[in-house]
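In what follows, a structure is listed as structure tokens, so that the remarks can point back to it.
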Amino acid sequence: HTQLLTTLYKIAKKIKEHRDNIAYKEHLEAEVQARTLEFKKALVSDTLTKLPSRLSLEQDLKKDAVYSAALFNIDNFSSVNIGFGYEIGDALLVEVSRFLKAALPKDIALYRIGSDEFLAISHTLHKDQLHDLAHDIQDRFLNTVLTLPHDLTLRLTMTIAVAESSAKDLIRNIELALHEARKVGKNQIYTYDDNLPIESLQKDRIEWINKVRLALEHDLLVPFFQPIIHNSSREIKKFEALARIIEKDNTIITPNYFIEPARMSGQITELTKVMIQKTMQAFADNDYEFSINIESEDLNAQFLPDFIKHYATKYGINMNRIVIEVLEHIQTYDEKQTIAQLSDLKEMGIQIAIDDFGNEQSNFSRLLDIQADYIKIDGQFIKYIDSDLKSYKISSAITNLAKSLDARIIAEFVHSEAVLNKIMELDISFSQGYFFGPPDRTIKG
Numbered sequence: 116h117t118q119l120l121t122t123l124y125k126i127a128k129k130i131k132e133h134r135d136n137i138a139y140k141e142h143l144e145a146e147v148q149a150r151t152l153e154f155k156k157a158l159v160s161d162t163l164t165k166l167p168s169r170l171s172l173e174q175d176l177k178k179d180a181v182y183s184a185a186l187f188n189i190d191n192f193s194s195v196n197i198g199f200g201y202e203i204g205d206a207l208l209v210e211v212s213r214f215l216k217a218a219l220p221k222d223i224a225l226y227r228i229g230s231d232e233f234l235a236i237s238h239t240l241h242k243d244q245l246h247d248l249a250h251d252i253q254d255r256f257l258n259t260v261l262t263l264p265h266d267l268t269l270r271l272t273m274t275i276a277v278a279e280s281s282a283k284d285l286i287r288n289i290e291l292a293l294h295e296a297r298k299v300g301k302n303q304i305y306t307y308d309d310n311l312p313i314e315s316l317q318k319d320r321i322e323w324i325n326k327v328r329l330a331l332e333h334d335l336l337v338p339f340f341q342p343i344i345h346n347s348s349r350e351i352k353k354f355e356a357l358a359r360i361i362e363k364d365n366t367i368i369t370p371n372y373f374i375e376p377a378r379m380s381g382q383i384t385e386l387t388k389v390m391i392q393k394t395m396q397a398f399a400d401n402d403y404e405f406s407i408n409i410e411s412e413d414l415n416a417q418f419l420p421d422f423i424k425h426y427a428t429k430y431g432i433n434m435n436r437i438v439i440e441v442l443e444h445i446q447t448y449d450e451k452q453t454i455a456q457l458s459d460l461k462e463m464g465i466q467i468a469i470d471d472f473g474n475e476q477s478n479f480s481r482l483l484d485i486q487a488d489y490i491k492i493d494g495q496f497i498k499y500i501d502s503d504l505k506s507y508k509i510s511s512a513i514t515n516l517a518k519s520l521d522a523r524i525i526a527e528f529v530h531s532e533a534v535l536n537k538i539m540e541l542d543i544s545f546s547q548g549y550f551f552g553p554p555d556r557t558i559k560g
């Protein structure tokens, strides 16, 4: 009897555990389904404004349909977040969503697709009609006082983009239109068309990024050399190496076409390395001083001291013949490691030149940190120094500052005898420009 009771007890216990497991499993499944439903709802609905989200928009758009849309962007929203806190920023978004829902007709769907961006979609209105409606909403919003927590009231503006497009291109086109509107200013409205400048700009960038890649792969990047003249003797004392791409049909491409695409695609340092290697090779058989341009990406990569030393040794170049030209406004100058890197280059005997000094981003105090050997006055002042008094005075001021720092001055864009005479009046040491010679593939002493 005892054995029977023990066996029955064990069987009963297993049956209970089985039933408990089934109940627990059912509970878990119900919980998972509820959480999944909640998660899906959160994905398609903005939790703050309760408007449909960007994901919901993508699901709602029908592949082959054409829509008119208006994208509303709150001007200075980030300033509200920073200045008043995120609580006020969130409250502002809620108020704007309420305003837009009330202002739009019932048959227009409204979505929140970004931090401060609301998209209205219409199946029935033409883009011109939606433009007029958006313009009316813009005016009404300008005259609306928004009441926010802590008795705060704000009056803001919004920039609006309008587009009519297929579902596939709608978001892209309306974002491009918003970009164009922001370029004009705040409280603007802009309607997309196929001839937007940014459209051709994007195509050009893709084309030039590919050209840079091919130039590196097929060794099409070459240095051209422009002479730098000592003004007193009119003798060539140094050269600047300037990057060019020579295509297979002998077309010569200047950097203003390919530098920015190379920067965007992360190819700048590869261009610089090729220029350093080829320039040193070109100056191995003469005694001229020469300068090579570097970019902020090169400084960030921190390859310059070792790389330059390697090729200087390979081609028998004395370090004091090398000048590194850097743009005065390179942002990385604020970083200690960059100043330290420039100091390391100077300790190796390499000279530093500041290019385009005097432009709108110049910082005179930064010259003390960089300790430049040369300062090149921005060509926009030299170009008109013989006819524009302002250019003459600015050039004079830069020259005096450079002399006080024991830096030698180079005037760029010297294109005539009259310009040269003005430069010599200021006792500027060196000149560079087409008056003395254009950049050339060979070194002409």
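The sequence shown lines up with residues 116 to 560 when you count with this note's numbering. Backbone N, C-alpha and C fix where the C-beta goes; we use that ideal spot for every residue, glycine too. Quick caveat: nothing in here was measured; it's all calculated off a predicted structure.
Please name the residue in I324, T272, R320 whose C-alpha comes closest to that of I304. T272
Q.
My parser needs the alpha helix (DSSP H) runs of 4 or more residues fully inside the stretch 354 to 423; what are they?
A. 370 to 379, 383 to 397, 411 to 416
- Message: Counting C-beta neighbours from all protein chains within 10 Å, is the total for Q466 16 or more, i.e. buried, or is it exposed?
- Response: Under a 10 Å Cβ-count criterion, Q466 is classified as buried, with 16 or more other Cβ atoms of the shown protein chains found around its own Cβ.
*Since S510 contacts I500 with CB under 8 Å, what's their CB separation in whole angstroms?*
Right, the Cβ-Cβ distance comes to about 6 Å (below 8 Å), so this counts as a contact.
**Request:** Leaving out five residues on either side along the sequence, give the residues of the same chain with a beta carbon under 7 Å from the beta carbon of F339.
**Result:** L357, R359, P554, D555, R556
Practice prompt. Could you please give the first and the last residue of the uninterrupted alpha helix (DSSP H) stretch that includes F233?
Written response: Counting along the chain, F233 falls outside any alpha helix (DSSP H), though it belongs to the beta strand (DSSP E) covering 232 to 237.
(request) Return the first residue and the last residue of the beta strand (DSSP E) that E279 is part of. (result) 273 to 281
**Prompt:** In terms of alpha-carbon separation, which member of S506, F472, A533 lies closest to V441?
**Reply:** F472
_Which runs of the beta strand (DSSP E) at least 3 residues long sit entirely within the stretch 192 to 251? Give them in chain order._
As for any beta strand (DSSP E) of minimum length 3 sitting wholly inside the stretch 192 to 251, the runs are 224 to 229, 232 to 237, ordered along the chain.
Query raised in the report: What is the residue span of the beta strand (DSSP E) that R169 lies within?
Result: R169 -> not in any beta strand (DSSP E); alpha helix (DSSP H) instead, spanning 169 to 175.
Review point. Does DSSP put H345 in a helix, in a strand, or in coil?
Key: strand
Find the nearest neighbour of I454 within the set Y489, N415, N433, K353, judged by alpha-carbon distance.
N415
| message | Tell me the rounded alpha-carbon separation between K326 and K388. | response | 17 Å
For the stretch 165 to 179 and the stretch 211 to 229, state whether three or more C-beta atom pairs, one from each stretch, are separated by less than 8 Å. With the cut-off at 8 Å, the stretch 165 to 179 and the stretch 211 to 229 touch.
Do S544 and H345 have their C-beta atoms closer together than 8 Å? yes
Residues in its own chain within less than 6 Å of Q396 by CB, not counting five upstream and five downstream? Y430
Backbone secondary structure at S519 - three-state DSSP:
Three-state result, S519: helix.
Under the three-state DSSP convention, the category T447 falls into:
Low local confidence applies: a pLDDT of 49 at T447 is under 50, so the model's placement there is unreliable, with the coordinate-based value given in what follows. In the three-state reduction of the DSSP assignment, T447 falls in the helix class, which pools H, G and I.
Coil, strand or helix - E132 by DSSP:
helix
Separation of S411 from T447, as counted between CA atoms = Any answer about T447 is weak, because its pLDDT of 49 lies below 50 and its placement is not dependable; what the coordinates show is given next. Their Cα atoms are separated by approximately 6 Å.
**OP:** Please report how far the alpha carbon of Y182 lies from the alpha carbon of I286, in whole angstroms.
**Re:** Rounded to the nearest angstrom, the two C-alpha atoms are 11 Å apart.
Could you tell me if L123 is buried or exposed, where buried requires 16 or more neighbouring beta carbons within 10 angstroms of its beta carbon?
exposed
Looking at the ligand NAP, does it come within less than 7 Å of K508, judged from the CB to the closest heavy atom? Of ligands this structure carries none, so the ligand NAP is not represented either.
| said: Per DSSP, what are the beta-bridge partners of P338 in this structure? | reply: A358
Tell me, which residues are paired with S546 by DSSP? I344, A526
Would you check if there are 3 or more beta carbon pairs closer than 8 Å linking the stretch 255 to 266 to the stretch 197 to 211? yes
Quiz item: Closest by CA to A282, which one among V211, I321, K177?
Solution: K177
Could you name the residues of the same chain whose beta carbon sits closer than 7 Å to that of M434, not counting the 5 residues immediately before and after it, in chain order? A427, M463, G464, I465
For D503, which residues from the same chain have a beta carbon less than 6 Å from its beta carbon, with the 5 sequence-adjacent residues on both sides left out? none
Can you tell me whether Y139 is buried or exposed? The criterion is at least 16 other CB atoms within 10 Å of its CB, across all chains shown. Residue burial is scored here from C-beta neighbours: Y139 has fewer than 16 other C-beta atoms within 10 angstroms and is therefore classed as exposed.
CB-CB length for F528 against G494, believed under 8 Å: Confirmed, Cβ separation roughly 3 Å.
Segment limits, beta strand (DSSP E) that includes L166:
Under the DSSP assignment, L166 falls outside any beta strand (DSSP E); it carries neither an H nor an E label.
Excluding sequence positions up to five away, which residues of its chain have a Cβ less than 8 Å from the Cβ of Q253?
T272, M273, I275, N302, I304
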